[in-house]
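These notes concern the structure reproduced below.
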Amino acid sequence: MTTAGGAGKLPAAYLSAGSSSFTEFIGAHAPHLLPSGRTLPPGSSLEAPHGTTIVTATFEGGVVMAGDRRATMGNIIANRDMEKVFAGDEYSAVGIAGTAGLAIELVKLFQVELEHYEKIEGTLLSLEGKANRLASMIRANLGMAMQGLSVVPLFAGYDLDRAVGRIFSYDVTGGCYEEHDHHSVGSGSLFARGALKKVWRPGLSAAEAVSVTVEALYDAADDDSATGGPDVGRRIWPTVALVAADGVRFVADDELRAVVEAVIAARQGNPGGAR
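All residue numbers for the sequence shown refer to numbering that gives the first Met the number 0, where the first residue is 0 and numbers rise by one.
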């Protein structure tokens, strides 16, 4: 990369403060690097792995997000241990559903976007600001979504101003909607939401919220073939992130194994999980 003034020097745009938005900067100087800069020929479609079910629920002092580990490609299981829940920054988490490759790329870009803003502005973006930034990035992917490669994440975080956990869902056009108490996206979301309505209650502890989300994923996997339930044989557990005042913490496998075993044991005598 050189300037007109000499070899080996960065262009002036890279040395000025400019916008606090990393995606705006890339869009102005290297738009081909953005996911939205790539389009398919008219009428074409691709078989690509898709992420499936993400669930989230609030608890006393924060919010929990959990995702199954299965990715499917048509009727084929493309991946059994895909990570679908990521830390957005220190106080937020993002879960992906939809076209897996594009979704993971979008999350990585979102992480850089938040880090770039913090470096330029010297402060954290508000939780609503983060949710709106993610919405604009989803909106930029609309062209790909119209050709079947949609990305529909779920965003949750701890609001430092309100001292509560909050949840935001999206549609393929970039619409951003705040959800209350709990929510789910993906192919198994209909069944997961039914389970969440049944087992969630106000004032849950963090440990109880983890159990609730694991149980919701268990129910989703029971009825949706694209959602992978806990795999005891392979020791593949859901990915679970807790977001609270002390930041993001991913639940360790040993903790998840105990939760999964408790859920399975309870269901052996009560397969439907009725209360």
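All C-beta atoms in this analysis are idealised placements derived from N, C-alpha and C, irrespective of residue type, glycine included.
Cβ contact annotation for arginine 248 (same chain, cutoff 6 Å, sequence separation greater than five): Leu241, in chain order.
For asparagine 78, the enclosing beta strand (DSSP E) covers residues 75-78. Residue pairing for tyrosine 169: DSSP places it in a beta bridge opposite Cys175.
Of the candidates Ala56, Ser91, Gly142, the residue whose Cα lies closest to the Cα of alanine 244 is Ser91. Isoleucine 103 sits in a helix when the DSSP states are folded into three classes.
The DSSP-derived three-state label of arginine 248 is strand. Around the CB of proline 201, fewer than 16 other CB atoms lie within 10 Å, so the residue is classed as exposed. Separation of glycine 187 and glycine 156 (C-alpha to C-alpha, rounded to the nearest whole angstrom) is 22 Å. Beta bridge pairing from DSSP links alanine 65 with Val54, Val239. In the DSSP assignment, alanine 219 falls within the unbroken alpha helix (DSSP H) covering 205-222.
Excluding the 5 residues flanking it on each side, aspartate 252 has same chain C-beta neighbours closer than 8 Å at Arg234, Trp236, in chain order.
With 16 or more other CB atoms across the displayed protein chains lying within 10 angstroms of its CB, serine 149 is buried. Beta-bridge partners assigned by DSSP to glycine 187: none are found. When DSSP states are grouped into helix, strand and coil, leucine 123 belongs to the coil group. Secondary structure of methionine 143 (DSSP, three-state): helix. With fewer than 16 other beta carbons inside 10 angstroms of its own, asparagine 269 counts as exposed. In its chain, beyond the 5 residues on either side, Leu113 have a beta carbon closer than 6 Å to the beta carbon of aspartate 88. With a cutoff of 8 Å on beta-carbon distance, alanine 70 and leucine 195 are scored as not near each other. Just so you know, the alpha carbons of serine 204 and aspartate 222 end up roughly 28 Å apart.
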